[in-house]
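Counting from 1, position 292 in the sequence shown corresponds to residue 294 in the working numbering; the numbering is continuous, with no gaps.
Okay, so here's the structure we're looking at.
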Amino acid sequence: MLTAQQNELLTRVGSGTPMGETLRRYWLPALLDWELPEADCTPVRLRLLGEDLVAFRDTSGRVGVLDEYCPHRLTSLWLGRNEENGLRCVYHGWKFDVTGQCVDQMNEPKQFASKVKTVSYPVAEVGGVLWVYMGPKEKQPPPPNFAWTSVPAEHRVVTKVVEECNWLQALEGGIDTSHAPIMHRALRANPSQPGIPVNDAFVQGAAPSLEVDVTDYGYRYFGIRQLGTDQQYVRGYHFVMPWTQLRPAGRGVQNQTHGHHWVPIDDYHCLVWNWYYNEAMPLDKGEAGPEETGNIFGVDVDAENGFRAIRNRSNSWLIDRAAQKTETFTGIVGINTQDRAVQEMMGPIVDRSREHLGPADKAIITARKLLEEAVRTVQDGGDPPGVSPNYYELRAAESVLAAADDWRTDLLPRMDPSLARV
Ligand code: FES
Ligand SMILES: [Fe+2]
C-alpha cells in the first residue's frame, strides 16, 4: 500500500507537480507520424501531462507542437490555417512558426510579433512516432531509441488507445505478470473469443514466484512458474523508467518482443501505446498481435475519434456474461480491453492506501519505489533513470526449461546483450 501522500505524489502529473516535473524529463510518445501525413496538413489537437497542445507539420515538413491556445486572446490554434511555414490563428490572424515565434499579426498596424513567443516543445520523429519533450531545455535527453524503434517500419506494428484512468494504474496492470494467465485465459479449446489457450504453459504453470533485478534503467523482472514436476516456465520482462514495458511474445513466437508505453494525458486519462516487432523479418499481416489484444484501428479503437476504445466504460466493454461462463475468463473481447476494464473500474485514481499487496505484487512495489526515487533525484538536480543509452538494446525473452536448469544463464544474454559481453 501507499500513504495518501505517496499516492498523490506518484499520480499527479500537471506542470509544477513533483511527478509532473519528473515525467517532463523524458521524451513522450505523442502522435503516429501518419496523423500529420504531409506539409501543411490539418493540425492535430493533443493533451499530454495535463497540457492542451496543437501539432502541425509546416510547409517545410517540420513538426511544431505548441500550446493549443493562441497567446493573443486564447482561442484554439487548432482552428488555424496551416500556411507558409506557420500556423495562423483565424481569430485575428496572428501566425506562429514551429518554434512558437509569432511572425505576423494581421490585426495590428504596428506589429510587435518579434516580442511574442508561445510555448513550443521539441519533437523527434523516431520509429514512425512523433515524440515530444516538455522539460527544461538544458536537460533534454537524446531522442528515444528502443529496439522496436530501430527496426524497419515493415517489421513493426504500433497502435495507441485512450484509457480512462490514471497512468500509474495502467502501468501497474501492465507490469503485473501474475494476473495475465488468470484474467486473459480462454476456458476451452477454440473459444468464440480470443484468450490464452488452455494448454499454454502460461495457463498450465503454477502461480509465479517473481524476481526483480533493479538496473540503471529501471529493472528486469521474471515470472517463474513450475510446470508439472520437472519443468519450469520463465518469462523475462523489462521495465524501462518511467512507463515502458518489454514483454516476451509468448507461444513459441520467435524474434519478437512486444510492449507498451503508458503515457499520461492528464491525471485521469492516459494513452496506451502498443507495439510489437520482429527483428529478423517483416511482420506478416495477421501475425500474433493486435488481433487478439483488442487494439485494431476501426474494430477496437476509433482512430478517427481521438483513439477512444470502442469497447469502453460507457458500454461496459460489451461484456458478454454468457461467454464468461463458457468461453473466456472475462467475457470481454480483447486482451488489452480486459486490462482496460479492470483498471478503469478501479476509479480514475485508485486509493492505494486500501490495498493488500502480496509477494506476487513485487514488480509493482519496486516500480513505485523507483518512481518515488526518481522524483527525489530530479528534485535534487540529478537525472532520472531511463534517459541514457543503457536501454537501447533490451529485449524480452522466455523459456521452458528443466526444473533444475539455471534460467538466468539462458535468459539474461538474450534480454540484454551488454550482459553477454561482460
Ligand atoms: S486570439 Fe489568436 S489572433 Fe487573436
Ligand atoms: Fe493484462
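All C-beta atoms, glycine included, are put in the ideal place defined by N, C-alpha and C.
Keep in mind it's a predicted model, so treat the numbers as computed, not measured.
Below 8 Å on the Cβ atoms is my contact criterion, and I expect residue i with residue j to pass it. Report the Cβ-Cβ distance as a whole number of Å.
{"i": "Pro146", "j": "Ala126", "result": "7 Å"}
{"i": "Trp177", "j": "Gln247", "result": "Inspection of the sequence shows that residue 177 is occupied by Ile rather than by Trp. Confirmed, Cβ separation roughly 5 Å."}
{"i": "Tyr219", "j": "Tyr393", "result": "4 Å"}
{"i": "Ile2", "j": "Ala324", "result": "This structure gives no information on residue 2, because the portion of the chain shown stretches from 3 to 424."}
{"i": "Ala149", "j": "Thr259", "result": "7 Å"}
{"i": "Arg397", "j": "Met3", "result": "Not quite, the Cβ-Cβ distance comes to about 33 Å (not below 8 Å), so this is no contact."}
{"i": "Asp382", "j": "Arg14", "result": "Contact doesn't hold; Cβ gap of about 19 Å is too wide."}
{"i": "Arg70", "j": "Ala369", "result": "In the sequence on display, residue 70 carries Glu and not Arg. About 31 Å separates the two Cβ atoms, so there is no contact after all."}
{"i": "Trp169", "j": "Val265", "result": "7 Å"}
{"i": "Trp245", "j": "His271", "result": "Going by Cβ atoms, the distance from Trp245 to His271 rounds to 14 Å, so no, they are not a contact pair."}
{"i": "Cys91", "j": "Gly102", "result": "Cys91 to Gly102, Cβ: 13 Å. No contact."}
{"i": "Gly88", "j": "Gln107", "result": "The pair is not a contact, with the Cβ atoms about 12 Å apart (cut-off 8 Å)."}
{"i": "Met348", "j": "Cys167", "result": "7 Å"}
{"i": "Asp42", "j": "Glu85", "result": "7 Å"}
{"i": "Ile198", "j": "Arg49", "result": "Going by Cβ atoms, the distance from Ile198 to Arg49 rounds to 34 Å, so no, they are not a contact pair."}
{"i": "Val200", "j": "Arg190", "result": "6 Å"}
{"i": "Val214", "j": "Tyr223", "result": "5 Å"}
{"i": "Pro439", "j": "Ile298", "result": "There is no way to answer for residue 439, as the model of the chain reaches only from 3 to 424."}
Quick check: is any heavy atom of ligand 2 less than 7 Å from the C-beta of residue i?
{"i": "Asp341", "result": "yes"}
{"i": "Met348", "result": "no"}
{"i": "Ala182", "result": "yes"}
{"i": "Gly175", "result": "yes"}
{"i": "Ile321", "result": "no"}
{"i": "Ile337", "result": "yes"}
{"i": "His157", "result": "no"}
{"i": "His186", "result": "yes"}
Indicate whether at least one CB of chain C lies closer than 8 Å to the CB of residue i.
{"i": "Pro154", "result": "Checking the listed chains, one finds no chain C in this structure; it contains a single protein chain."}
What residues sit near ligand 1, counting only those whose C-beta is closer than 5 Å to one of its heavy atoms, in chain order? Going along the chain, the residues that qualify are Cys72, His74, Arg75, Thr77, Cys91, Tyr93, His94 and Trp96.
Do the segment 400-415 and the segment 222-234 touch if we need at least three Cβ pairs shorter than 8 Å? Result yes; three or more Cβ-Cβ pairs closer than 8 Å.
Secondary structure, beta strand (DSSP E): runs of 3+ residues fully inside the segment 303-338: Counting whole runs of 3 or more residues, the segment 303-338 contains no beta strand (DSSP E) stretch at all.
Could you tell me whether the segment 150-170 touches the segment 273-284, where touching means 3 or more Cβ pairs closer than 8 Å? With a cut-off of 8 Å, the segment 273-284 and the segment 150-170 count as touching, because enough Cβ pairs lie within range.
With a floor of 3 residues, list each beta strand (DSSP E) that falls wholly inside the segment 121-153, ordered by position along the chain. Considered as a whole, the segment 121-153 harbours 125-128 and 131-135 as its complete beta strand (DSSP E) runs of no fewer than 3 residues, in chain order.
Any 3 or more C-beta pairs closer than 8 Å across the segment 372-384 and the segment 14-28: Judged by pairs of C-beta atoms under 8 Å, the segment 372-384 touches the segment 14-28, as three or more such pairs exist.
Are the segment 355-363 and the segment 106-125 touching by the rule of at least three beta carbon pairs closer than 8 Å? No, the segment 355-363 is not in contact with the segment 106-125.
Any 3 or more C-beta pairs closer than 8 Å across the segment 130-141 and the segment 77-87: With a cut-off of 8 Å, the segment 77-87 and the segment 130-141 do not count as touching, because too few Cβ pairs lie within range.
Which runs of the beta strand (DSSP E) at least 3 residues long sit entirely within the segment 38-92? Give them in chain order. Counting only runs of at least 3 residues, the segment 38-92 fully encloses the following beta strand (DSSP E) elements, listed from N- to C-terminal order: 46-50, 53-59 and 65-69.
List, from N- to C-terminal side, the beta strand (DSSP E) runs of 3 residues or more that fit wholly inside the segment 225-280. Whole beta strand (DSSP E) segments, 3+ residues: 233-242, 246-250, 258-268 and 271-280.
Secondary structure, beta strand (DSSP E): runs of 3+ residues fully inside the segment 150-184: Entirely contained in the segment 150-184, the beta strand (DSSP E) runs reaching 3 residues are, in chain order, 158-165.
Would you mind listing the beta strand (DSSP E) stretches within the segment 383-422 that are 3+ residues and don't spill past its ends, in chain order? Counting only runs of 3 or more, we get 399-404.
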